[in-house]
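The sequence shown begins at 25 in my numbering and counts up by one.
One structure below.
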Amino acid sequence: MLRSPLKTLRGKILVSLFLLIILPVVIILYRFYKNSEHIVQVQLNQSNLTAVTQKASTMNDMAVRMISASALIINDLETEKFLKDPPDWSDNYINFQRLTNLQQKMSNVKDLLLDYSTYIGIYDNRGYTHTTWSAVSKVDPLDFAKESWFAPTREHSGFPYWSVPYTLQTGATSTNLVLMTRQINGTYSSNYGTFFIGVPISVFFYSASELASQQAEGITTLLYDDQQRLLLGRTSSNQALAGASLQNIRTNSSGMQEITVDNKVYLVNDAYVPQLGWHLVQFMNQADFAKQLSREKDKSITWIMAWFLLFAIAFIILMLRVTSPFKQLAKSMNKVGKGEFNTSVQIKGEDEMAMLGSNFNKMVHHLQNLINDLYDEQRRKQKAQFQALQAQINPHFLLNTLNSIKWMALLSGAEHVSEMITKLGKLLNFTMRNEQEFVTLREELDYLQVYLSLQEIRYHDQITFSYTIPEPLLDCEMLKFTLQPAVENSILHGNRFPLHIELVAEEQGDRLLISLQDNGVGMSEEKIQEVEATLHQPHAKFSGIGIRNVNERIKLHYGSQYGMQISSKPDEGVHLQLMLPMKRRDAEHAHLDRG
25 MLRSPLKTLR GKILVSLFLL IILPVVIILY RFYKNSEHIV QVQLNQSNLT
75 AVTQKASTMN DMAVRMISAS ALIINDLETE KFLKDPPDWS DNYINFQRLT
125 NLQQKMSNVK DLLLDYSTYI GIYDNRGYTH TTWSAVSKVD PLDFAKESWF
175 APTREHSGFP YWSVPYTLQT GATSTNLVLM TRQINGTYSS NYGTFFIGVP
225 ISVFFYSASE LASQQAEGIT TLLYDDQQRL LLGRTSSNQA LAGASLQNIR
275 TNSSGMQEIT VDNKVYLVND AYVPQLGWHL VQFMNQADFA KQLSREKDKS
325 ITWIMAWFLL FAIAFIILML RVTSPFKQLA KSMNKVGKGE FNTSVQIKGE
375 DEMAMLGSNF NKMVHHLQNL INDLYDEQRR KQKAQFQALQ AQINPHFLLN
425 TLNSIKWMAL LSGAEHVSEM ITKLGKLLNF TMRNEQEFVT LREELDYLQV
475 YLSLQEIRYH DQITFSYTIP EPLLDCEMLK FTLQPAVENS ILHGNRFPLH
525 IELVAEEQGD RLLISLQDNG VGMSEEKIQE VEATLHQPHA KFSGIGIRNV
575 NERIKLHYGS QYGMQISSKP DEGVHLQLML PMKRRDAEHA HLDRG
């Protein structure tokens, strides 16, 4: 049965663990969870600001490398000589060598200083283009003037000019670039052509997948120039933010920048790109930021709870291992309390629990020896009581029989006297010569027939007896004096003559069933209940040796599942059934007690 947790050692330890450790830790974690929102919010915003600053630093580094790469080309004297000389490199080996050197320099600059996806080229005022993707090609110089960067580049007179975004058409494909152009000025001339470097927007800024991922998290990243004109980041979903004035950015009470656009509050992180004078601005929807904050808090709490749960499980496992010997000892004690003395506890180690288990095992062993001694003594006592009862019964029956002989001798002729004495001799021989408690059904039946023959003479042949017993069952073993008390009960209480008694024996599985049925007046339901109650009362006697004694001996020797049952109805006689275990005597012992 289930017991209250507070009534077991394990339960007390677990309840103490819950009340003194788990519950206080959970309360502290909950208070931390509620009170740390502001701290986590500031830290998370700082983390986003760090990411934006790092990206702006990367963009600035890319711009510096682009400017440095352009300086390596346009300030090279060999490049100047190549651009001012006639384009006769197909006939002039020196000019061809300069062309080859220029192409090699641009390739080296691209591979060593810039990203492999960078586009580098020179638009020659002589009507040629020299690029890293198409070598040398002839173009119309007037086509240069149509480019959006052409006039501003001339106005900058050799300083970098940035075009964002710029679409470069290379064959059948087009690429969006962050383009830097510079006018190439020589020693004696202010314009030999235009040098340009283009970096894909996905490399310089963010790729389309990165922007989509940010957008899914409620983050919008935009790039502005020094005039607060939007350069990169505009999409159909952030038109309102793209048109928002950065002048409306304010600082809240937590020290974080925010702006309100279309009745929505956005947290703002701004990073400056010094080389270009641009601003990388990140807008985060405060509602989405709260979700992100909640995810971060939940992640932290989850990790803390996971570690705490791990330690709690480890503690419980350790506690179960420590208390397991106590549970085993308690289980063994319960078995001993129920009468199972073949139990013991396993002993491990040399601690106090091992000492307690060792003493328990010694106690159980000693108790088992005492019980065995008591059982043997009780068996000897019961055997002595049976032998004493038998000694009492034999003279009693002998007295009755001799009294019958006396009256028969007086009332009838002397011819019956010899017969009765002969039968009485056989009966006494059976009872006195065999000291064993167990006989075969055949021997018990012989004794019963001798007894009945005397009773027939006593009652003037008013008693008849018949039996149906299969031959194999005659060698079954049973307790001595089992059938005679049952038959005597029918004779004394049948109250009807002539009286017929029928005995039937049959095998039923591993049991021997013996039924006795008489044609007496029978017994009422109340009388049967009285007899059954008498069968279970000590020192009760129903007749002669007593059917109670027979029932008690059967249960004593064979177990409580065996014994005697009585049933009857008025005017239908009494039916008595004996249930015994099926035990056959070996052939070599079959006639051990027969004369």
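Yeah, the Cβ is synthetic: ideal placement off N, Cα and C, and Gly gets one too.
Does residue i pass the burial test, meaning 16 or more other C-beta atoms within 10 Å, or should it be called exposed?
{"i": "Gln-306", "result": "buried"}
{"i": "Asp-250", "result": "exposed"}
{"i": "Glu-179", "result": "exposed"}
{"i": "His-484", "result": "exposed"}
{"i": "Asp-595", "result": "exposed"}
{"i": "Thr-74", "result": "exposed"}
{"i": "Trp-327", "result": "exposed"}
{"i": "Ser-92", "result": "exposed"}
{"i": "Tyr-185", "result": "buried"}
{"i": "Asp-148", "result": "buried"}
{"i": "Ala-87", "result": "buried"}
{"i": "His-390", "result": "exposed"}
{"i": "Gln-479", "result": "buried"}
{"i": "Tyr-140", "result": "exposed"}
{"i": "Val-474", "result": "buried"}
What residue from the options has the CA that sits closest to residue i's CA?
{"i": "Lys-351", "options": "Val-88, Gly-381 and Asp-100", "result": "Gly-381"}
{"i": "Val-160", "options": "Asn-519, Lys-170 and Gly-145", "result": "Gly-145"}
{"i": "Gln-70", "options": "His-517, Leu-291 and Gly-217", "result": "Leu-291"}
{"i": "Gln-238", "options": "Gly-151, Gln-402, Thr-259 and Pro-224", "result": "Thr-259"}
{"i": "Thr-488", "options": "Thr-205, Thr-74 and Glu-512", "result": "Glu-512"}
{"i": "Val-555", "options": "Val-360, Ala-169 and Ala-510", "result": "Ala-510"}
{"i": "Leu-256", "options": "Ala-240, Leu-270, Phe-228 and Gln-271", "result": "Phe-228"}
{"i": "Ile-208", "options": "Leu-96, Ala-336 and Tyr-586", "result": "Leu-96"}
{"i": "Glu-102", "options": "Val-39, Ile-91, Gly-210 and Ile-273", "result": "Gly-210"}
{"i": "Thr-194", "options": "Ser-141, Ile-337 and Trp-157", "result": "Trp-157"}
{"i": "Gly-35", "options": "Tyr-399, Thr-347, Val-574 and Ser-356", "result": "Thr-347"}
{"i": "Tyr-54", "options": "Tyr-471, Pro-165 and Ile-325", "result": "Ile-325"}
{"i": "Asn-272", "options": "Gly-361, Lys-359 and Asp-286", "result": "Asp-286"}
{"i": "Gln-67", "options": "Gly-279, Lys-362, Asp-85 and Ile-52", "result": "Gly-279"}
{"i": "Leu-353", "options": "Asp-312, Gln-479 and Asn-385", "result": "Asn-385"}
{"i": "Leu-254", "options": "Tyr-296, Glu-282 and Leu-304", "result": "Leu-304"}
{"i": "Ser-172", "options": "Ser-187, Asp-164, Val-163 and Lys-162", "result": "Ser-187"}
{"i": "Leu-246", "options": "Phe-462, Ala-240 and Ala-266", "result": "Ala-266"}
{"i": "Ile-63", "options": "Leu-398, Ser-318, Ala-330 and Met-357", "result": "Ser-318"}
Identify, in the order they occur along the chain, each residue of the same chain with its Cβ nearer than 7 Å to the Cβ of residue i, setting aside the five sequence neighbours on each side.
{"i": "Ile-371", "result": "Ala-378, Gly-381 and Ser-382"}
{"i": "Leu-598", "result": "Strictly speaking, residue 598 in this sequence is Val, with Leu absent from that position. Closer than 7 Å at Cβ, skipping near neighbours: Ser-514, Asp-542, Gly-544, Gly-546, Met-547, Ile-590 and Ser-592."}
{"i": "Asn-309", "result": "Gly-242, Lys-288 and Tyr-290"}
{"i": "Val-49", "result": "Phe-332"}
Could you give the DSSP three-state label for residue i: helix, strand or coil?
{"i": "Gln-263", "result": "helix"}
{"i": "Lys-162", "result": "strand"}
{"i": "Gly-35", "result": "helix"}
{"i": "Gln-601", "result": "strand"}
{"i": "Ser-592", "result": "strand"}
{"i": "Thr-124", "result": "helix"}
{"i": "Leu-107", "result": "helix"}
{"i": "Arg-403", "result": "helix"}
{"i": "Tyr-475", "result": "helix"}
{"i": "Gly-145", "result": "strand"}
{"i": "Leu-138", "result": "coil"}
{"i": "Val-49", "result": "helix"}
{"i": "Tyr-248", "result": "strand"}
{"i": "Ile-14", "result": "The requested residue 14 is not part of the displayed model; the chain covers only 25 to 619."}
{"i": "Arg-608", "result": "strand"}
{"i": "Tyr-117", "result": "helix"}
{"i": "Gly-381", "result": "helix"}
{"i": "Thr-77", "result": "helix"}
{"i": "Tyr-152", "result": "strand"}
{"i": "Ala-412", "result": "A caution first: Ala-412 carries a pLDDT of 49, below 50, which makes its placement in the model unreliable, though a value can still be read off. It is helical."}
Short of 6 Å in beta carbon distance, which residues of its chain neighbour residue i, apart from the five on each side in sequence? Order them along the chain.
{"i": "Glu-530", "result": "Leu-537"}
{"i": "Asn-200", "result": "Pro-189, Thr-191 and Ile-225"}
{"i": "Asn-72", "result": "Asn-293"}
{"i": "Leu-476", "result": "Phe-489"}
{"i": "Arg-577", "result": "Leu-503"}
{"i": "Leu-602", "result": "Ile-538 and Met-588"}
{"i": "Met-90", "result": "Met-204 and Ile-221"}
Tell me which same chain residues have a C-beta within less than 8 Å of the C-beta of residue i, skipping the five on either side of it?
{"i": "Asp-112", "result": "Asn-119"}
{"i": "Ala-232", "result": "Ser-226"}
{"i": "Ala-264", "result": "Val-285 and Asp-286"}
Any C-beta of chain D sitting closer than 8 Å to the C-beta of residue i?
{"i": "Glu-576", "result": "This model lacks chain D altogether; it includes just one protein chain."}
Length-filtered (3 minimum) beta strand (DSSP E) runs lying within the region 183–238: 185–194, 197–208 and 217–224
Complete runs of the beta strand (DSSP E) confined to the region 259–340 [at least 3 residues]: 281–285, 288–297 and 302–309
Which runs of the alpha helix (DSSP H) spanning at least 4 residues fall entirely within the region 483–570, listed in chain order? 507–517 and 549–559
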